[in-house]
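S.K.: Be aware that the sequence shown starts at 97, since it is given in the numbering used here, and climbs by one per residue. In this text, a Cβ means the ideal position worked out from N, Cα and C, and glycines have one as well. Just so you know, these numbers come straight off a predicted model, no measurement behind them. The structure that follows is given in the form of structure tokens.
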Amino acid sequence: MINSLIKKYKSLLNLGVTEDLSFSEKLRTESNNLVSLIFIISLIAYLFYNAIGPRFPMAYYISSSWVFIFIWPLILNGFKKYTAARLITILFPLVGLVLVHLLHGWDVRIESSYLLLSIFSVFFFNKKSAIVMCIFIAITYIITAITLSIMPPPLKGSIVAPAPFLYFGLSLMAGLVITFRVLTENAKYSDLSVSQELLLKEKNEELEMFSRIASHDLKGPVRNVLNFSNLMEKNLENQNYAELQKNLDFVLANSLQMSELIEDMKDFSSIDNLSKTNQEVVCLTAMVRKVELLLKTEIEEVNGKIKCDKLLDYKCNPSDMLLVFQNIIQNGLKYNRSETPTLEISYKKNEESLSIYFKDNGIGIKEEYFSHIFSLFKRLHSRNEFEGTGLGLSLSKKILQKYKAEISVESVLNEGSTFIIRLPL
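Take a look at the structure:
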């Protein structure tokens, strides 16, 4: 029961907080949600207190309306209307303060609430907007004071707020928000620093391996092109045209290999610069059909078949998912000695993820190599057996990491493999 309530409270606290928000925007949104929740909980407690033995009927009805008002910032944050949510949290209480003072005068000792709203503005807005809001609140207070000096409040003396209790409550609320902001900011900066350090280390290791292996893989085709070019020159001198054609084919094959490697390297190195902003709801079944069209020639050459269940839709960058699907399907056709290479694509869904299964009837993989196949340039077979650069699966894994998704494999040697993509929901 208590754990369930804590879980719901945390989910409300994180309403509207998404990965694409900057660090400061996440903190502002969380702070706004916290203030709204504190107000709502406090007002509900006050309503409950009055329900047991109501002493201020008018205050009871006013409190009920304020609960409704402070629900709106949470709803707006949930719909990513962050500015509107913050303005409601500041401006509605400000209007309420002004009305109370204009009706009841300074007998209602809530002047410190203006200062509290100014503090909230600093937490809710960027520097420039916060200054504007603080100036606006100060001007509102001054205009209210001038108005009261000219016009006496019509309901003066009809209500007197319990000032000590109010000051204590406001101070407690401000203290909670400030403490939450400081602790959260420190914790997140600490986590951010550690994660950035680990990421930098990972990138350096990746770059070192990338340059070392790429240069090695590029040297082979370049050396072959040079050697066969020299042979072609001799073939021309000797008018040996049969050998000339054979050597020309070798040059073309190695040139294509270089071109493919360079293209894959370019794709791999550019993944970090791609963003998740161009996301849309994608029909994954249509994505498979699109890959079929792109690989139509390859499928026909090997007499391949692709069987696909009706998959669910998923929000992603279509180009990202197309590349992942293409790499996996292409591998299923390539590493396959069956008379009819076949891929069966299906899915399973639970509360946390959508899993896509790519099952082939290919050559299979030894269990000891399961983790290796997702590494840079890692090949389990020579190019004489199967073409390719060895970058396809590592490229797919890196793309999926952007979505906090996972890719894994289950396989039996000489029977086939099943590649599994787990996409978070």
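Between the C-alpha atoms of K176 and Q375, what's the straight-line distance to the nearest angstrom?
M.R.: Near 16 Å, if we compare the C-alpha coordinates of Q375 and K176.
S.K.: How do the stretch 405 to 420 and the stretch 339 to 352 stand: do at least 3 beta-carbon pairs fall below 8 Å, yes or no?
M.R.: The answer is no - the stretch 339 to 352 does not touch the stretch 405 to 420, with fewer than three Cβ pairs under 8 Å.
S.K.: Residues in the same chain with beta-carbon distance under 6 Å from E115, minus the five sequence neighbours each way, listed in chain order, please.
M.R.: If we look at E115 and ignore the five residues flanking it on each side, it has no Cβ neighbours.
S.K.: Give me whichever residues DSSP pairs with R518 in a beta bridge.
M.R.: Partner(s): S451, E502.
S.K.: Mind checking whether N128 and T185 have CB atoms under 8 Å apart?
M.R.: For N128 and T185, yes; Cβs fall inside 8 Å.
S.K.: If you follow the alpha helix (DSSP H) that D416 is part of, which residue opens it and which one closes it?
M.R.: Where D416 is concerned, the enclosing alpha helix (DSSP H) stretches over 414 to 430.
S.K.: Out of M229, I227, A241, F219, which has the shortest C-alpha to C-alpha gap to H200?
M.R.: Of the candidates M229, I227, A241, F219, the one whose C-alpha sits nearest the C-alpha of H200 is A241.
S.K.: I need the straight-line Cα distance from L407 to D416, nearest angstrom please.
M.R.: L407 and D416: Cα-Cα distance of roughly 17 Å.
S.K.: For F164, count neighbouring Cβ atoms within 10 angstroms of its own Cβ and tell me buried if that reaches 16, exposed if not.
M.R.: Result: exposed.
S.K.: May I ask you to report which of helix, strand or coil DSSP gives T436?
M.R.: Looking at T436 - three-state DSSP - the assignment turns out to be coil, as it is neither helix nor strand.
S.K.: How should Q497 be labelled, buried or exposed, when 16 other C-beta atoms within 10 angstroms of its C-beta is the threshold for buried?
M.R.: Answer is exposed; the Cβ neighbour count stays below 16.
S.K.: Considering K406, what are the terminal residues of the beta strand (DSSP E) in which it resides?
M.R.: Where K406 is concerned, there is no enclosing beta strand (DSSP E), given that its DSSP letter is neither H nor E.
S.K.: By the 10 Å Cβ neighbour count, where 16 or more other Cβ atoms means buried, how is N432 classified, buried or exposed?
M.R.: So N432 ends up on the buried side.
S.K.: Short check: CB of L418 to CB of L519, under 8 Å?
M.R.: Not in contact: L418 and L519 (Cβ atoms no closer than 8 Å).
S.K.: Thinking just about the alpha-carbon of each residue, which of V420, V384, N399 is nearest to the one in D405?
M.R.: Comparing Cα-Cα distances from D405 to each of V420, V384, N399, the minimum goes to V384.
S.K.: Should Q49 go down as buried or exposed, given a rule of 16 or more other Cβ atoms within 10 Å for buried?
M.R.: No answer is possible for residue 49: the residues shown for the chain start at 97 and end at 521.
S.K.: Output the distance between the C-alpha atoms of L183 and K252, rounded to the nearest integer angstrom.
M.R.: So the two alpha carbons sit approximately 30 Å from each other.
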